[in-house]
Amino acid sequence: MRSSIVSGFTNLRLKYPGVDGLLFKGLSLSVRHGEKVLLLGPSGCGKSTMLQVLSGLVPSSIELPMKSDELIVPEHSGYVFQDPDAQFCMPYADEELAFAMENLCVPREDMPARIEQLLSIVGLQLENRHTLIETMSQGMKQRLALASVLALEPDVLFLDEPTALLDHEGTTQVWNVIKQNAANQTLIIVEHKIDEIMDWVDRIIVFTPEGSILAEGSPEYVFSVFKREFIDYGIWYPGVWKDYMESNSLHKSKTTSAAANVDTIPLLHMEAFSGFRGGMSQITVGQCEVAAGEWIAVIGQNGAGKS
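Shown next, in the form of structure tokens:
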């Protein structure tokens, strides 16, 4: 591999302990400096494991049986996990960010202003930056995890579904933050909600359920040539909802009245409902009823109490 490659491997063989057969069988992949690469594939194909290999977490921190002819990992990288609780080291939000800055030897007197800046960058609004992380919503935690990684000023950023716990508005905000702050960095991304980045990434690598590479190339090439495989594997692609709405199966389902499937007797009734978290009022509902067969969407900002 040439020196411009910042992360990659050749002839990778890897398996999970206690599982028969290899997850990856002679897989080769490389990412060059400055590239924005998206890894796509059905759940269970090994995308997150592959991201951990590319970052060096496997096998240095997470021991898995693996071999490769060559493995290149970046010297200075940051990793955002799908579950933010998996990466926090400190109990309070400001301490988590300060811990990251301590690793860069940032002077203590410079930390408060930098902490406020990082919280603002990721759109995390806290009344008190010295907030217990365990009292924050999952969406707020995901923003904090991103802020803590940005504090490290990494050359390569590994993102494992960084917006999985965010609503549409929050997803847009976070990807705007990443685009603004990582324009010159190398990014390797695992993500299912790709509306915000499908025109931004340089290369998409698509994997089969067995962990082999199905397709690799520009978004335009991948989405135009391999649409049938995306449908078969259940992978999101541009226009998937339009295709679904126009599908024969949906038209057939419309012949049965949706109203007939909705029971008038409520399955759930709430009145003067209040929800608390950490001893603090989190959400109030004046009155709400849910009937059988109904599809209900609960929307609101991160931290509003939806979960």
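-6 is the number of the first residue of the sequence shown in my numbering; add one for each residue after it.
All C-beta atoms in this analysis are idealised placements derived from N, C-alpha and C, irrespective of residue type, glycine included.
Where residue i sits in the DSSP three-state scheme
i, result
"Met(-6)", "Model confidence at Met(-6) stands at a pLDDT of 45, short of 50, so the residue's coordinates are unreliable; what they give is reported in the following sentence. Three-state result, Met(-6): coil."
"Met59", "strand"
"Glu169", "Checking the sequence shown, residue 169 turns out to be Asn, not Glu. Of the three classes helix, strand and coil, the one that applies to Asn169 here is helix, per DSSP."
"Gly271", "coil"
"Glu264", "strand"
"Ser337", "This structure leaves residue 337 out entirely; the chain is present only between -6 and 300."
"Thr277", "strand"
"Lys8", "coil"
"Glu287", "coil"
"Pro52", "helix"
"Leu15", "coil"
"Glu213", "helix"
Alpha-carbon spacing of residue i relative to residue j, whole angstroms
i, j, result
"Ala157", "Asn169", "15 Å"
"Glu282", "Trp288", "12 Å"
"Leu180", "Trp193", "11 Å"
"Asp301", "His69", "This structure cannot settle anything about residue 301, because the visible part of the chain is limited to -6 through 300."
"Gln80", "Pro155", "12 Å"
"Ser113", "Ile190", "22 Å"
"Ser0", "Phe92", "26 Å"
"Gly210", "Arg196", "5 Å"
"Leu15", "Ser205", "11 Å"
"Val278", "Ala265", "6 Å"
"Asn174", "Pro35", "29 Å"
"Met(-6)", "Val142", "Low confidence applies to Met(-6): its pLDDT is 45, below 50, so where it sits in the model is not reliable, and the reading given next is rough at best. Taking the straight line from one Cα to the other gives about 28 Å."
"Gly300", "Gly232", "Reading off the sequence shown, one finds Ser at residue 300, where the question assumed Gly. Taking the straight line from one Cα to the other gives about 29 Å."
Short Cβ contact (9 Å threshold) for residue i with residue j
i, j, result
"Met43", "Phe200", "yes"
"Asn295", "Gly163", "yes"
"Ala86", "Leu139", "no"
"Lys60", "Arg25", "no"
"Leu20", "Leu47", "no"
According to DSSP, residues forming a beta bridge with residue i
i, result
"Ser0", "Val24"
"Ala208", "Val199"
"Leu33", "Val199"
Problem set entry | Complete runs of the beta strand (DSSP E) confined to the stretch 141 to 203 [at least 3 residues] | Correct list: 149 to 153, 179 to 183 and 196 to 200.
Problem set entry | Runs of alpha helix (DSSP H) wholly within the stretch 61 to 132 (minimum 4 residues, chain order) | Counting whole runs of 4 or more residues, the stretch 61 to 132 contains the alpha helix (DSSP H) stretches 86 to 95 and 104 to 114.
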